[in-house]
Every structure is written in structure tokens, then in C-alpha cells.
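Just so we're aligned: 554 in the numbering used here is position 435 of the sequence shown, and the numbers increase by one with no gaps anywhere.
Presented below is the structure to which this report refers.
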Amino acid sequence: MPSIPRSVLSTLSASAAIAMSTAVIAHDNDPKSQTLPPIYGETVIGGQDGLAGGFDSNGFIFCSQVPINQLGGSGNGSDCWGYTHPSGTNIAIVTMETAVAWVDVSDPYAPNVLYTYQRGGTSSLWGDVKVVGSRAYVVGEGGGSIKTFDMSNVDNGIVTYEGESSSNGDTATHNIASVPQANLIARCGGGSNGLRFYSTASNPDDPEFIGSWNDRYVHDACLAIYPQNGPDSNYRGRIIGFLNDGFNGGSTDTGLSIVDFGVPSNPNPSGTLLSRVTWPGAGYSHQSWHNDDFTWVISNDETALNSTWQMVNITDLNNATLGFTQSIPGSANNHNNYVKDGRLYAANYTMGLRVLDCSNGNFMDEIAYFDTYPESESSGYNGIWSVYPYFDNGLIICSDFQRGLFCIKLDLSPIGYSFPDGLPEMVPSSGTEILVEANIEAGFDIASFEMSYAFSGGSNGTVSGTPIKGGDRYAFQLPASSVCPGEVTYSFEATLTNGDSYPDQSGPYTALVADGSVVAGEWDGTSSAGWTLGLGSDTATDGQWDRGVVEGNNRGDPSFDGSGSGSGQAFLTDIDPSNTNSDVDGGFTTLLSPVFDGTATEGTILSYQRWYDDQAGAAPGLDQMDVSISNNGGSTWQTLETVTQSTSSWVTVEFPIESEITPTAQMRLRFVVGDYDEGSVVEAGVDNLRVFGIACDDSIPGDLNNDGLVNGADVGIFLALWGSSDPTADLNGDLTVNGGDLGLLIANWSI
120 MPSIPRSVLS TLSASAAIAM STAVIAHDND PKSQTLPPIY GETVIGGQDG
170 LAGGFDSNGF IFCSQVPINQ LGGSGNGSDC WGYTHPSGTN IAIVTMETAV
220 AWVDVSDPYA PNVLYTYQRG GTSSLWGDVK VVGSRAYVVG EGGGSIKTFD
270 MSNVDNGIVT YEGESSSNGD TATHNIASVP QANLIARCGG GSNGLRFYST
320 ASNPDDPEFI GSWNDRYVHD ACLAIYPQNG PDSNYRGRII GFLNDGFNGG
370 STDTGLSIVD FGVPSNPNPS GTLLSRVTWP GAGYSHQSWH NDDFTWVISN
420 DETALNSTWQ MVNITDLNNA TLGFTQSIPG SANNHNNYVK DGRLYAANYT
470 MGLRVLDCSN GNFMDEIAYF DTYPESESSG YNGIWSVYPY FDNGLIICSD
520 FQRGLFCIKL DLSPIGYSFP DGLPEMVPSS GTEILVEANI EAGFDIASFE
570 MSYAFSGGSN GTVSGTPIKG GDRYAFQLPA SSVCPGEVTY SFEATLTNGD
620 SYPDQSGPYT ALVADGSVVA GEWDGTSSAG WTLGLGSDTA TDGQWDRGVV
670 EGNNRGDPSF DGSGSGSGQA FLTDIDPSNT NSDVDGGFTT LLSPVFDGTA
720 TEGTILSYQR WYDDQAGAAP GLDQMDVSIS NNGGSTWQTL ETVTQSTSSW
770 VTVEFPIESE ITPTAQMRLR FVVGDYDEGS VVEAGVDNLR VFGIACDDSI
820 PGDLNNDGLV NGADVGIFLA LWGSSDPTAD LNGDLTVNGG DLGLLIANWS
870 I
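Next up, the structure:
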């Protein structure tokens, strides 16, 4: 049978897991040391854990969110950048207080963390990354020089740390800028520094210092080769820098400097100042980016003029002028912004990502948003840090203080897709009908509406939707599958009368092909029959496994069982409502499941729910829960998962047994939880163990005479039953033999 992906689903904990430990301040009066701690949990997948993952948005499709603990870091998140390997593999690079992570986001609905580098002694909330060629260059306020990472083999899951630049010392750096076409990178700020240039041309693994621009402290820089069709003909082909700078760490005489740094073949790091712009009421000139045709630079101010952008006219680089400031309603502080295809992508702290149309010169209009920080929209330094909108497939990644990495897609289609009956997780081998509602903006009309499908057995095709009375709903007939069990992937696309086509960006969708499920065994906390609660080899002095009604002492243990009932029962580490100090102490305790048959059904699937919490006490976060499986009754064990992250929720784990171990009739699970360090509060639970499989009907829909073929003989039988409710010909089960059934019969016609 096709592999069924292992999934771990949970609700993110709303409680913070650790306190922030930043010890360095970036620039004078930098407020980000006041940020709230991270929110740990499991990876959230769009459509699976809620279509938008619980985040407010408009004009966006939520794909996934990877918390900081899943990225392999701790503390808060900070910057992000992207890289596309020549093979087409898309990589998100995310900096965190203690680490840097590389994540394969080629499938944004299944992000895969490939490599995490621990920053160690150079840890700091402030970490920045840019890419030149196949190398990623990382800097930070925690000191150290430029760290280089080779991504040439990242399509095979390999990222190699090449070390630090040996050139120009180990001082702090606030940001890093790059000119990939010129093999240049530049360290911005750090201490009282301006802009320090390095060449990667001769040795990309050890960038060479070539000089600096030290007129002012440079907080961030946008460096670009001025285009040959740029409006100022005097500087075409030259390296132009748009520098957010000032004195006294950037906060005095703060503004935007425009500097000529020479030509790519012979850069001039000392630069020539062309012009400088400041603005009324300035607080701190933070970061900027040019628009597509180099007529405007869009700058932001981090500590004043909230939710406002400064528009700087750069058609004459020697005489740049301040245009209108552009604002959106709200009081959130500004942070990093970038431009692509006439749109400004602005990371706006507590208000999340805001997208503004900047194709109309000096005027901008907000067209979409995705709020990564639902707790507040007030001023302050929480929520989104940065955004990278430059992947060719339209994927946008965001980095967030509290929630790590977001993968989202812009969806500005005039058509909104919805599914009145929902989308099936399992479809019968005989085929099924899928109802789609197309919510179309006024002034547009649909010319054609199609569903493309592909079965795991190789069959694929396209079917047109049938309009249902009212015009906005369409019925699509997914044909029968010749392979069961199997898998089908399907997607939708509408073409308008003006010729424009708009696919449903939330797709493609996947469903299991099967005709039903067969339960081989179910066990929950209502009975301990077959379970073993504790072994003689256990060392725990308190908190041993127990079974009973979930009480909840507000000390890391649940207040309800896995099914959500407050009066339900489960297996927990010591149930004692009279004693709040009933967690695991002094060692480990073991829970063994009943023996179950892993061969009882075809493609047997195992599912269980677990609870784990280790957020309090003298040494929180240092203990673990080990889950193992045996196929010989417990003589030997194979690790399924090692749980170290507290989720403060019941987590469902589900997977095909054969994906982990050879199924037998003598299978068993083992749950071992322990307090191995200095008296942390460790609580665990297990509930709703389930063993089940899938069933398939060998008959062919439309084969009414059971000769193994669908042909003219079956049509004769079918027409004789037309209009009746005879189940022989009522193939779609709507109690009437009609055109819908005829469509199924024809879809299964024997060739």
C-alpha cells in the first residue's frame, strides 16, 4: 500500500516555555530586549490543523508554522532569508537567539528541518543572514566574525559549516547586506561601526576584508547594482547603497544616506555620498528597500511614526527627496520590509506581515495581511521580525520572535474556493462527488472549472465541474480507482471569460483511497486490563504510572482526558487530587500497553495520544518521555519517539506500523518517563490507543452483471433500472438511478 505520512498533531501551548536570556543590547536604546519569550509546541500544518492555523489573515494562504523548539533552537526567533538550489530545492534560513536553522520548504505544507547550527558563545537575539552563490553568511551582535555555510549539497540534506572569516576581527555585527552579482557582502553596524565590505570572489568560505565606510553608524543597508535602464543615467551599472544610519548608534541625526560604492569589478568601500534624507519626527532610521524600477526607496522608522513608511524619491540620486509618508491604521512598530513585483512586504511586529501595493509611485494601498501575533496589535517589540518574498513559486517565509518560521502564500485571486461539505480524508474506490463553491468577485465570470486528479496507481486525468442551481456551486465526479488501498491527489482551477486562470492555492489535496476502516483494537483509560503499570526495574520514588479519572492539579498535569471529557479516565503519572506534588521524582516509571496484532488488517495503523509536561521545577526542559514499540511481545524494543518538548496538550501520534517496524501478532508499546535531573516537575499521560486498518471492495462500480467488465451489457441493465432506487444501479447512493450514476458507470468503462 502507499505510505501514509506519520503525523504529530497538537494545539500550541499558549504559555511561554522559557524566559528570554539575551545579554547583549544591539544599538543604543534598542528596545527588543523587552520582547516576550517564545511559544513552544508542535509544527502546525495549514488545512490539517485549521485552514489558517488560527491566525487572522486576508489574502493569504497559511501553509505551515515551525516553532523555535522544532527548529532546534531556544530563546526568541529573529531574522530569515531564502535560498533556491539549482535543483529547485527551496531553503528557509532562520536565525534564533541560540541557533540558526536550515529548513527545506520545497513543500511548504511539509517543512523539513535539515540542519541546525548552535551559535554557542556568540549567541544573541540579533542574528542576520544573507546568501551569495551557494554560501550563507551569518553575523550577530554576540561577536565573532562572519560565519560561512556551504549549501551546495543542500538538495541532499547537507549543510556544511566552513568556519569564520579570518579577516578584520571578531567584533559584533548588527546586520549583513549583500551584492550577490558582485560577490560582495557587508557587515552593518555593531559597536560604532559603519559598513565593512568583504569579497567572496577568491574564497567564498573565507571572505576577504576590502575596506569600510565609516561616516556614520549603519544599522542596515540595501546594496544594489543600479540597473542599465534606471532613471539616473549617471549611475547605471554602479553599486549604490541605501543606508539607514546616524550618529550615536544610529539614533542621532537618523536618516537615509545614498552612497556610490563604485563598480562591481572594482568596488570602492569608502564610497561617495550622493545625498541624504531625513524626516520630521524621526525616532530611529531602521531599514529600507528600493522599488522595482528604482524610482523610490521605501524606508521605515523602528521607534517612531508607527505603521508608517517614508517614501524617498531617488530618480535623481544626487538630489533624493522625501515624498509623502504612507501609513496604515494601527500602532504597531515597523521592522524589515522588502519589495517584489510592485508590492511592499512589511514585517510590522505585532500586526504581522502587511502587503501594500507600491506600483503607484508615491502612494501605497494595503492589499493583504497575515497576523503572526494574535495576542495584540499595540506598539511593542513582539511578533514578526522579517520576511523573504523572493522564491519563484510564490512562497513567502516569515520569521517571528515567539513562533519561529511561517510559510504562507499570497492569494489575491478574484475567486475564493470553499467546500460546503468539506474535503474527504478517505474516498471510496468506486469514486465520489466533491462539491466546490466558487465565490467570485463582481465583474468576473467563470468560463470553465476543472479538477485534475492523479491516483497512486498511475491513473490521472481532468474532469469538468457541473454547475448546480444558483451558479456558484459545482459538482466534480472523482472517478473510480483501480488501486485500493491507494492515494489520490487532486486540485481545482477556474478559467474566467477574460482568459485568466486561477488555481486554488490551498491545493493540491490528498485523500486515502479505501472503502472503509476496520478496528482491530481500542484501549483507553476506562480499564487497565492487559496494561502493565510499572516494572520492578523502575527507579522512580514518586509519580508512578496510575489509571483513573483525570483531576488536574494545575501543575503540569491535564485537566481532561484525551477525548476531551472532564470526567474521562486516562493513564497518568500518579493521580492524587489531594497532593499537588505527585509528579515523577527520583528516576523513571514504565507503562506497557496490551499485546496487539499488527497484522490483523491490511496496512495496520497505530494511533495513541500522549501528554508530556516539564516546564517547572529546578531543572525544567531537561527530562524526557521515551516511546518504544516491540514486535516480539516485549523481548526487544525499537524507539518510536523521544519526547522532550512540553506541549500542555494531548498530542495524537498516528502512523502505519510497517513504516516503523515489521508487523507481527505480538506487538506492544512502552512509555517510559523520568525525572533524571534536579527535581523538575514531570507529568505524563497516555490515552486512546487504537489499532485499525483499511478495507477495500473488489467490485467495479458499473459492473452490474459482475463479469469483471463495464460495457454495453451493463448499460442495458442500467437503463432498465433508470429512475428507480434499485441499489444495483444506484452507484452514488443518492437513492435514485440517474445521470450521476451514469457518470460513474462511464468513468469505469472497460478499455
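C-beta atoms are modelled at their ideal positions from N, C-alpha and C, and glycine is treated no differently.
Per DSSP, which residues does residue i bridge with? Please list them.
| i | result |
| --- | --- |
| M786 | F715 |
| S376 | L362, R395 |
| G667 | A689 |
| L861 | DSSP lists no partner for L861. |
| G313 | Beta-bridge pairing links G313 to no other residue. |
| D269 | R254, T279 |
| C526 | S183, I516 |
| S567 | T614 |
| W332 | L314 |
| M545 | L631 |
| F595 | I553 |
One question on the structure: do residue i and residue j come within less than 8 Å of each other, judged by their Cβ atoms?
| i | j | result |
| --- | --- | --- |
| W841 | V856 | yes |
| S702 | G667 | Reading the sequence as shown, one finds Asp at residue 702 and not Ser. Contact flag unset, no. |
| S478 | G461 | yes |
| E612 | E544 | no |
| I304 | P386 | no |
| T771 | G717 | no |
| A639 | F811 | yes |
| D435 | L392 | no |
| C526 | C182 | yes |
| S682 | V632 | no |
| N195 | P157 | yes |
| G523 | V232 | no |
CB-CB under 7 Å to residue i, same chain, minus the five flanking residues each way: which ones, in chain order?
| i | result |
| --- | --- |
| F413 | Y345, P346, G349, P350, I433 |
| G449 | S426, M470, E496 |
| D860 | A848, D849, L850, N851 |
| T658 | G705, G706, F707 |
By the 10 Å Cβ neighbour count, where 16 or more other Cβ atoms means buried, how is residue i classified, buried or exposed?
| i | result |
| --- | --- |
| I277 | exposed |
| D816 | exposed |
| T371 | exposed |
| E161 | buried |
| Q300 | exposed |
| I534 | buried |
| T551 | buried |
| L117 | Lying outside 120 to 870, the shown extent of the chain, residue 117 is not represented and no answer is given. |
| V163 | buried |
| L838 | exposed |
| E797 | exposed |
| T581 | exposed |
| N512 | exposed |
| L529 | buried |
| V873 | No information on residue 873 is available, as it lies outside the stretch 120 to 870 that the chain covers here. |
| K249 | buried |
| D833 | buried |
| Q189 | buried |
Counting only the same chain and skipping the five closest in sequence on each side, list residues whose C-beta sits under 8 Å from that of residue i.
| i | result |
| --- | --- |
| G862 | Q596 |
| S799 | D733, A735, G736, A737, A738, P739, G740, L741, D742 |
| H338 | H146, H293, N294, C307, G308, N363, D364, G365, G369, Y403, S404, H405, Q406 |
In chain order, what residues of the same chain lie with their CB nearer than 6 Å to the CB of residue i, ignoring the 5 residues before and after it?
| i | result |
| --- | --- |
| G390 | W332, V378, F380 |
| G192 | M215, T217, A218 |
| K266 | V257, E283 |
| G442 | M430, N432, N481 |
| A573 | N579, T608 |
| F268 | A255, V278, Y280 |
| T319 | V251, N302, P326 |
| S678 | G671 |
| S636 | F811, I813 |
| S206 | D274 |
Consider the Cβ of residue i: report whether some Cβ of chain B lies at a distance smaller than 8 Å.
| i | result |
| --- | --- |
| D695 | Considering every chain present, this structure includes no chain B. It has just one protein chain. |
Checklist entry - Does the region 248 to 260 come within contact of the region 290 to 300, defined as at least 3 CB pairs closer than 8 Å? => result Enough Cβ pairs lie closer than 8 Å, so yes.
Next on the checklist: For the structure I just gave you, are there three or more beta carbon pairs, one from the region 800 to 812 and one from the region 228 to 241, closer than 8 Å?
Outcome noted: Using a C-beta cut-off of 8 Å, the region 800 to 812 makes no contact with the region 228 to 241, since fewer than three inter-stretch Cβ pairs fall below that distance.
Next on the checklist: Quick test of the definition: if touching needs 3 or more C-beta pairs under 8 Å, does the region 689 to 696 touch the region 821 to 829?
Outcome noted: They do not touch, by the three-pair rule.
Checklist entry - Contact between the region 486 to 494 and the region 510 to 523: three or more CB pairs below 8 Å? => result The answer is yes - the region 510 to 523 touches the region 486 to 494, with three or more Cβ pairs under 8 Å.
Checklist entry - On the three-pair Cβ rule with 8 Å, is the region 607 to 626 touching the region 784 to 800? => result They do not touch, by the three-pair rule.
Checklist entry - On the three-pair Cβ rule with 8 Å, is the region 559 to 567 touching the region 645 to 660? => result The answer is no - the region 645 to 660 does not touch the region 559 to 567, with fewer than three Cβ pairs under 8 Å.
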